[in-house]
Amino acid sequence: MIKFLVRSLFATLSLTVFLNLFASVALAQRTYEPTTESLSKHEVPDWFKDAKFGIFIHWGVYSVPGYAPLTGELNKVVAERGWEYWFENNPYSEWYYNSMKLEGSPTYNYHRATYGEGFTYDDFIPRLNAAITNWNPSKWAKLFSKVGARYVVLTTKHHDGFLLWPSKTINQPGRVATRDIVGELTQAVRQEGMRMGVYYSGGIDWSFKDTKITDFNTLVGAIIQEKAYADYANAHWRELIDRYQPSILWNDLGYPIGQANEIMAYFYNRVPDGVVNDRFDLGGQLGLHFDFSTPEYSQSTQIEPLKWESTRGLGYSFGYNQNDTDLNMISVDELVDLFVDIVSKNGNLLLNIGPKADGSISKVQLEMKD
Numbered sequence: 006m007i008k009f010l011v012r013s014l015f016a017t018l019s020l021t022v023f024l025n026l027f028a029s030v031a032l033a034q035r036t037y038e039p040t041t042e043s044l045s046k047h048e049v050p051d052w053f054k055d056a057k058f059g060i061f062i063h064w065g066v067y068s069v070p071g072y073a074p075l076t077g078e079l080n081k082v083v084a085e086r087g088w089e090y091w092f093e094n095n096p097y098s099e100w101y102y103n104s105m106k107l108e109g110s111p112t113y114n115y116h117r118a119t120y121g122e123g124f125t126y127d128d129f130i131p132r133l134n135a136a137i138t139n140w141n142p143s144k145w146a147k148l149f150s151k152v153g154a155r156y157v158v159l160t161t162k163h164h165d166g167f168l169l170w171p172s173k174t175i176n177q178p179g180r181v182a183t184r185d186i187v188g189e190l191t192q193a194v195r196q197e198g199m200r201m202g203v204y205y206s207g208g209i210d211w212s213f214k215d216t217k218i219t220d221f222n223t224l225v226g227a228i229i230q231e232k233a234y235a236d237y238a239n240a241h242w243r244e245l246i247d248r249y250q251p252s253i254l255w256n257d258l259g260y261p262i263g264q265a266n267e268i269m270a271y272f273y274n275r276v277p278d279g280v281v282n283d284r285f286d287l288g289g290q291l292g293l294h295f296d297f298s299t300p301e302y303s304q305s306t307q308i309e310p311l312k313w314e315s316t317r318g319l320g321y322s323f324g325y326n327q328n329d330t331d332l333n334m335i336s337v338d339e340l341v342d343l344f345v346d347i348v349s350k351n352g353n354l355l356l357n358i359g360p361k362a363d364g365s366i367s368k369v370q371l372e373m374k375d
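Residue numbering for the sequence shown follows our numbering, starting at 6 and increasing by one per position.
Laid out in structure tokens, this is it:
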């Protein structure tokens, strides 16, 4: 019977298709243990190697004020001015909560001039929940498919701790979206034939531990190590995996030490052809397993033997920034050159969009300059 099945398969499938099918079955049958040795046996699946292009989405409470100074691109600014200058003049609008606390910073001054000293970050939440009633996930998915994306990664929880899905594990009841944004977008993305990935801020959560970050040392020091937080974050990851079966775990800014292997094994045993990025480590956990590295606003100078992914915004920010103009946005020609260079060196490009609070995408992002 087995010989008959094998002959039949070869009669109807090409050798490549058969081998891919065999590899998929082998992946599905492997059981992973929460050790680096076991996790390192996981192979980067062909779909991710061949994907080349994905869309990153930063959307949350910070999309309501939608403000950051146009300081410049991450690596250029840090190289020229240092980390302390970067955080004081942070061009990432998704860092609005931290930036508004740094006295004298552009965001600090903007917030008080626009909303008043007594207006808190949480006061933006009702405005966001009111705005997202207008959001159409299918419209997004069709746009992403049209521009050639093969996968999408959504920020399910950024550093402010606001959740974009109806979690059963909640730290602060008010910091939850009134729509299941993760679930609705996952369905829309898959209907368009793309893969879905989930971003999660694993190391920093200001709703759990309200830290002020002013330089690289305070950034690393802000990674939460308390067991209560580890249990909280682990519960979120398991919930995201079980509910949505994502193809990508895109962690950010580290993770409580000793916890990442458990999550990766849990993920691979449920999504064998899934992939995990390298940001479960941010100092102190060298040697952690990952499937691909994620340089930000930078690219490789050579062909890399291991899969990698370059990520950046269309401008200087990931979240929506009302200050964006054609002058600080990447041009079509620059983007094409960037994409070709990244792909030629064994990388994927994860290009970010930052929607407004109501889910609309600004004209300056949609109509890029030539």
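Beta carbons: idealized from backbone N, C-alpha and C, even for Gly.
Thinking just about the alpha-carbon of each residue, which of the options is nearest to the one in residue i?
{"i": "L258", "options": "L169, G208, G71 and D329", "result": "G208"}
{"i": "Q370", "options": "S349, D346, L354 and Y321", "result": "Y321"}
{"i": "D55", "options": "T174, N114, I347 and A362", "result": "I347"}
{"i": "L287", "options": "T174, N256 and P277", "result": "N256"}
{"i": "R317", "options": "P70, F53, V49 and E78", "result": "E78"}
{"i": "T377", "options": "L354, D165 and V194", "result": "Residue 377 is absent from the structure shown; the chain starts at 6 and stops at 375."}
{"i": "R184", "options": "D236, Y234, F213 and P131", "result": "P131"}
{"i": "V187", "options": "W242, Y237, S212 and D236", "result": "W242"}
{"i": "W211", "options": "V82, K147 and Y101", "result": "Y101"}
{"i": "S365", "options": "K57, F213, V49 and N139", "result": "N139"}
{"i": "A146", "options": "R195, L332 and L319", "result": "R195"}
{"i": "L148", "options": "L190, H163, D331 and A238", "result": "L190"}
{"i": "V158", "options": "G279, M334 and N333", "result": "G279"}
Can you tell me the Cα-Cα spacing of residue i and residue j, whole angstroms?
{"i": "P360", "j": "L133", "result": "12 Å"}
{"i": "N351", "j": "D296", "result": "13 Å"}
{"i": "R180", "j": "D215", "result": "14 Å"}
{"i": "L224", "j": "S206", "result": "13 Å"}
{"i": "Y325", "j": "L356", "result": "14 Å"}
{"i": "E99", "j": "H63", "result": "7 Å"}
{"i": "Q307", "j": "S315", "result": "13 Å"}
{"i": "V129", "j": "A182", "result": "Just to set this straight, residue 129 is Phe in the shown sequence, not Val. Rounded to the nearest angstrom, the two C-alpha atoms are 12 Å apart."}
{"i": "G123", "j": "N103", "result": "16 Å"}
{"i": "M373", "j": "E42", "result": "45 Å"}
{"i": "N176", "j": "L44", "result": "30 Å"}
{"i": "V345", "j": "L354", "result": "9 Å"}
{"i": "S303", "j": "E309", "result": "14 Å"}
{"i": "N25", "j": "R284", "result": "Low confidence applies here, because N25 scores a pLDDT of 47, under 50, leaving its location unreliable; read the following figure in that light. Using only the alpha carbons, I get a separation of about 29 Å."}
{"i": "F53", "j": "P277", "result": "13 Å"}
{"i": "Y115", "j": "P70", "result": "10 Å"}
{"i": "A118", "j": "E108", "result": "13 Å"}
{"i": "S336", "j": "A233", "result": "45 Å"}
{"i": "K57", "j": "P50", "result": "13 Å"}
{"i": "W91", "j": "D236", "result": "32 Å"}
{"i": "F27", "j": "F61", "result": "Because the pLDDT at F27 is just 45, under 50, the model does not fix this residue reliably, and the point stays unresolved."}
{"i": "P178", "j": "A238", "result": "16 Å"}
{"i": "Q327", "j": "I358", "result": "13 Å"}
Measure the CB-CB distance between residue i and residue j and report whether it falls below 8 Å.
{"i": "G59", "j": "A154", "result": "yes"}
{"i": "M199", "j": "Y249", "result": "no"}
{"i": "T112", "j": "Y72", "result": "yes"}
{"i": "F221", "j": "G65", "result": "no"}
{"i": "S172", "j": "E244", "result": "yes"}
{"i": "D342", "j": "S367", "result": "no"}
{"i": "P142", "j": "A193", "result": "yes"}
{"i": "T161", "j": "W170", "result": "yes"}
{"i": "D363", "j": "A136", "result": "yes"}
{"i": "P261", "j": "V203", "result": "no"}
{"i": "L311", "j": "M334", "result": "no"}
Give every residue of the same chain whose Cβ lies closer than 8 Å to the Cβ of residue i, excluding the five residues on either side of it in the sequence, and list them in chain order.
{"i": "S150", "result": "E197, G198 and M199"}
{"i": "R275", "result": "I246, D247 and Q250"}
What does DSSP give as the partner residues of residue i in its beta bridges?
{"i": "Y156", "result": "G59 and R200"}
{"i": "W255", "result": "Y204"}
{"i": "V280", "result": "I253"}
{"i": "G352", "result": "W313"}
{"i": "F297", "result": "N282"}
{"i": "N357", "result": "F61 and G318"}
{"i": "K162", "result": "L168 and Y205"}
{"i": "V181", "result": "L168"}
Under 6 Å Cβ to Cβ from residue i, same chain only, skipping five residues before and after it: list those, please.
{"i": "V281", "result": "L254, M269, F295 and D296"}
{"i": "F15", "result": "Caution is warranted here: a pLDDT of 35 is assigned to F15, below 50, making its placement in the model unreliable, and no coordinate value can be reported."}
{"i": "K106", "result": "K217"}
{"i": "M273", "result": "Correcting the residue identity first, residue 273 is Tyr in this sequence and not Met. Closer than 6 Å at Cβ, skipping near neighbours: Y37 and H47."}
{"i": "A240", "result": "T174"}
{"i": "W313", "result": "F297, S298 and G352"}
{"i": "N80", "result": "Y302 and S303"}
{"i": "Y67", "result": "S98, E99, Y101 and G324"}
Using a Cβ-Cβ cut-off of 7 Å (strictly less than) and excluding sequence neighbours within five positions of residue i, which residues of its own chain qualify?
{"i": "T40", "result": "N266"}
{"i": "S110", "result": "E93, N94 and S104"}
{"i": "E89", "result": "T219 and D220"}
{"i": "P96", "result": "A73, P74, L75, T76, G77, Y321 and S322"}
{"i": "Y271", "result": "R243 and I246"}
{"i": "S305", "result": "W313, K350 and G352"}
{"i": "I228", "result": "G208, I209, L258, G259 and L287"}
Against chain D, with Cβ distances strictly below 8 Å, would residue i count as a contact?
{"i": "F285", "result": "Absent here is chain D; the protein component of the structure consists of one chain."}
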